Every structure is written in structure tokens, then in C-alpha cells.
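**Q** As given, the protein sequences belong to chains A and B, one line each in that order.
To convert, take the position in the first sequence, counting from 1, and add 194; that gives this note's numbering.
To convert, take the position in the second sequence, counting from 1, and add 194; that gives this note's numbering.
First the structure, which I've put down as C-alpha cells, then a few questions once you've had a look.
Protein chains: 2
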Amino acid sequence: MSKQSRRQFIAAAGKTAAVTGIATLTGATAMAAKPVPKVFVHHVYFWLNNPDSQEDKAKLIAGLQKLAVTAKTIQQHHIGLPSTTNRDVIDRSYAVSWLLFFKNKAEQDIYQTDPAHLNFIKECSSVWKKVIVYDSEDL
Amino acid sequence: MSKQSRRQFIAAAGKTAAVTGIATLTGATAMAAKPVPKVFVHHVYFWLNNPDSQEDKAKLIAGLQKLAVTAKTIQQHHIGLPSTTNRDVIDRSYAVSWLLFFKNKAEQDIYQTDPAHLNFIKECSSVWKKVIVYDSEDL
């Protein structure tokens, strides 16, 4: 390879690296769109003993926020409140929605006995009267 | 500003730009992990008229798979089946879980009257006897 060719090659490689950088960002965006990786979806809905207690709701939310960053196997979390959507088929009676993605069932099983999870239950379970859990695994 | 100072300033600005570039990539990675962007979570659970009919379940799943790629505002979807997890608080009586992420409530509202969605209901509603919908908006 001549010095001139090598220079052109290096310049081209530089451009390729730049393009690759852009492609990586595009890839990250694509991952956030459809289709998505298969996951274990753990969705918990909480009903409070005192539904009108903003203090109790805040305590539960703070507990979940702490849990989200301390539990080891959580891949993604969403803490939500009922939307204003209102149709016959919609259940909007719960206080807080806690949606978790795990890599697989084994990692969800680890979460169940994670000290961070057990500590959350110890600290916060006094505020809820009912939870419903739906565990589903992607097709 | 002296020439020397300006040179130092420009060099420092270059470093800042480089650091900013790294921060942006780190930000993109963080978006894929926790915490995640705020979204509208629309989670539907289906119960079938004939829970033992694999044909009906397959028809529903095929309908959802088609809907996932034809509805305009869906950002992310998960079609799931009940896991084998089994505790008192877990409801595993449903047949299929349909979890959608929308950018916001307005985009979910568009989905409700999207022709692709209406067509799905027309084609598949005969197989289910009950749906429960939980709509939640990220804190």
C-alpha cells in the first residue's frame, strides 16, 4: 500500500468509525422500539389500607424507588399511577403500579428473596391491603 | 485573553466536547437500563370463552402480533403467557397478556380508534369472554 493509499485508507477508516458511532446510537434507539427482546414481565398492583392517605402512598413510592436501585436483577422498572382513562374494562381502583422486566424467570426468582426486596416488604407492607401480581413470559 | 490563554481555553473546550460526547453515550446506555423514560403503560389481560382451545388462543395471539406491527402509535409491545410462578397473590387465570408502551396518553387515545385496533377487535373479540385493562402513567 502506498503512503498515499494508506492515508486515504486511514481517512476512510476514520469516517467508518464515525458512521459506526452513529449506527450504535441508532441501534440503541431501535432497541427501544419494536420488536423487543423476550423478557419476564412482573406486574404488581397495590391497593392501600388508607387510599386517601398521601403519606402512605408517598411511603410506598419511596420504598419502590429505593427497591428499584437496590434489587440486583431488575432490568427495567416503571412506577405508575392510574391514568385518567375510564372505560368499563379498565380497573383504575389501585393506588400504584409496579412493573418490572427481568431477563428470565430465574432472575425473577432471585428477586423474590433478594434482601432488598425482603427489606421493602418489611418497611412498606403495612400500607397496603391488597396486591395482585401478574407474571407473564414473552412468547 | 492572551494567545496562550486562548489556546488553553480552546484545548479545554475540546476536552469538554469529548467529555460531553462520552456523557451522551453513557446517557444512551442509561436509557436502556434503569431508570427508563416516562411512558404510558397499557396492560390488557385476556380470558377466553374456551380456555382449553389452543385454536382460539392461537387466533388471539396472531391477531395481537398483526396489531403490534399495524397500529401506528405503539412504542413497545409484549405478548405474554402466564408464568409458572404460583403464589396466593398471583393471578394466573388469564390466557394472554398484552403489554403496550405509548409515548403518552394522547398516543394511547389515538390507538383506541386506530383502524388496526378496531379491525383486531372485529376479528378476534369472539374468542374472549373478559378483559381487564390497567392504564398507568409513569411518575
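The beta-carbon is built from N, C-alpha and C at its ideal position, and this holds for glycine as well.
Keep in mind that this is a model prediction, so the values were computed, not measured.
(1) Candidates B:LYS266, B:LYS297, B:TRP241, B:ILE315: which alpha carbon is nearest LEU275 of chain B's?
(2) Using a Cβ-Cβ distance cut-off of 8 angstroms, determine whether LEU275 of chain A contacts chain B.
(3) Taking a Cβ distance cut-off of 9 angstroms, strictly less, list which residues of the region 229 to 250 of chain A are near chain B, in chain order.
(4) Return yes when the Cβ of VAL327 of chain B is within less than 8 angstroms of the Cβ of ASP308 of chain A, no when it is not.
(5) Tell me whether ASN243 of chain A is buried or exposed, calling it buried when 16 or more other Cβ atoms sit within 10 Å of its Cβ.
(6) Within the same chain, show all residues whose beta-carbon is closer than 6 angstroms to that of LYS323 of chain B, passing over the 5 residues directly before and after it, in chain order.
(7) I'd like the span of the alpha helix (DSSP H) that includes ILE284 of chain B, first residue to last.
(8) Please list the segments of the beta strand (DSSP E) lying wholly inside the region 268 to 333 of chain A, counting only runs of 3 or more residues, in order along the chain.
(9) Output, in chain order, the set of chain B residues within a Cβ distance shorter than 9 angstroms of LYS299 of chain A.
(10) If we call anything under 8 angstroms between Cβ atoms a contact, is SER277 of chain A one with LYS316 of chain B?
(11) Can you list, in chain order, the residues of its chain with a C-beta nearer than 6 angstroms to that of LEU294 of chain A? Leave out the 5 residues immediately preceding and following it.
(12) Considering VAL238 of chain A, what are the terminal residues of the beta strand (DSSP E) in which it resides?
(13) Can you confirm whether LEU333 of chain A, when its beta carbon is compared against all beta carbons of chain B, has any partner nearer than 8 angstroms?
(14) Report back the beta-carbon spacing between ASP238 of chain B and VAL321 of chain B to the nearest angstrom; my notes put them in contact at under 8 angstroms.
(15) Are the beta-carbon atoms of LEU254 of chain A and VAL283 of chain A separated by less than 8 angstroms?
(16) Please classify ASP250 of chain B: does DSSP put it in a helix, a strand, or coil?
(17) So that I know if they touch, is there some Cβ in chain A lying closer than 8 angstroms to that of HIS311 of chain B?
(18) Please state whether DSSP places ALA265 of chain B in a helix, a strand or coil.
(19) Are the C-beta of VAL283 of chain B and some C-beta of chain A separated by less than 8 angstroms?
(20) Cutting at 7 angstroms between CB atoms, please list the residues of its own chain near PRO245 of chain A, excluding the five before and the five after it.
**A** According to the structure data:
(1) As a working note, residue 275 of chain B is residue 81 in the second sequence. Ranked by Cα distance from LEU275 of chain B, the first of B:LYS266, B:LYS297, B:TRP241, B:ILE315 is B:TRP241.
(2) Within the first sequence, residue 275 of chain A is the residue found at index 81, counting from 1. Yes, contact with chain B.
(3) Listed by position, the residues of the region 229 to 250 of chain A near chain B (Cβ gap below 9 angstroms) are PRO229, VAL230, LYS232, VAL233, PHE234, VAL235, HIS236, HIS237, VAL238, TYR239.
(4) Here the question's residue 308 of chain A lines up with position 114 in the first sequence. Here the question's residue 327 of chain B lines up with position 133 in the second sequence. Result no, Cβ atoms of ASP308 of chain A and VAL327 of chain B do not sit closer than 8 angstroms.
(5) For the purposes of this step, residue 243 of chain A is taken as the residue at position 49 of the first sequence. Around the beta carbon of ASN243 of chain A, fewer than 16 other beta carbons lie within 10 angstroms, which makes this residue exposed.
(6) Locating residue 323 of chain B in the second sequence gives position 129, where the first residue counts as 1. So the list reads TRP241, ASN243, once near-sequence residues are dropped.
(7) Numbered from its first residue, the second sequence carries residue 284 of chain B at position 90. No alpha helix (DSSP H) holds ILE284 of chain B; DSSP gives it neither H nor E.
(8) Those beta strand (DSSP E) runs which fall completely within the region 268 to 333 of chain A and span 3+ residues are 270 to 276, 290 to 296, 322 to 332.
(9) Residue mapping note: residue 299 of chain A aligns to position 105 of the first sequence, counting from 1. Using a Cβ-Cβ cut-off of 9 angstroms, LYS299 of chain A is close to SER277, THR278, THR279 of chain B, given in chain order.
(10) For the purposes of this step, residue 277 of chain A is taken as residue 83 along the first sequence, with counting starting at 1. For the purposes of this step, residue 316 of chain B is taken as residue 122 along the second sequence, with counting starting at 1. Going by C-beta atoms, SER277 of chain A is not nearer than 8 angstroms to LYS316 of chain B.
(11) Within the first sequence, the letter at position 100 stands for residue 294 of chain A. Taking LEU294 of chain A as the centre and dropping the five residues before and after it, the same chain places the C-beta of HIS236, ILE268, HIS271 closer than 6 angstroms to its C-beta, in chain order.
(12) One-based indexing of the first sequence puts residue 238 of chain A at position 44. Counting along the chain, the unbroken beta strand (DSSP E) around VAL238 of chain A starts and ends at 234 to 242.
(13) By one-based count along the first sequence, residue 333 of chain A stands at place 139. Chain B contact via Cβ: present.
(14) On the second sequence, position 44 is the one that residue 238 of chain B refers to. On the second sequence, position 127 is the one that residue 321 of chain B refers to. Note that residue 238 of chain B is Val in the sequence shown here, rather than Asp. Cβ atoms of VAL238 of chain B and VAL321 of chain B stay farther apart than 8 angstroms, at about 14 angstroms.
(15) As a first step, residue 254 of chain A is located in the first sequence; it is residue number 60 there, counting from the start. As a first step, residue 283 of chain A is located in the first sequence; it is residue number 89 there, counting from the start. Their beta carbons are not under 8 angstroms apart, which means LEU254 of chain A does not touch VAL283 of chain A by this criterion.
(16) Your numbering for residue 250 of chain B matches position 56 in the second sequence. Here DSSP, grouped into helix, strand and coil, assigns ASP250 of chain B to helix.
(17) Position 117 of the second sequence, counted from the start, is the residue given in the question as residue 311 of chain B. Not one beta carbon of chain A lies nearer than 8 angstroms to the beta carbon of HIS311 of chain B.
(18) Residue mapping note: residue 265 of chain B aligns to position 71 of the second sequence, counting from 1. Here ALA265 of chain B sits in coil by DSSP.
(19) If you number the second sequence from 1, residue 283 of chain B lands on position 89. Answer yes: the Cβ-Cβ gap between VAL283 of chain B and chain A drops below 8 angstroms somewhere.
(20) Along the first sequence, read from residue 1 onward, the residue named residue 245 of chain A stands at position 51. Excluding sequence positions up to five before and after PRO245 of chain A, its CB lies within less than 7 angstroms of the CB of ALA289, all in the same chain and listed in chain order.
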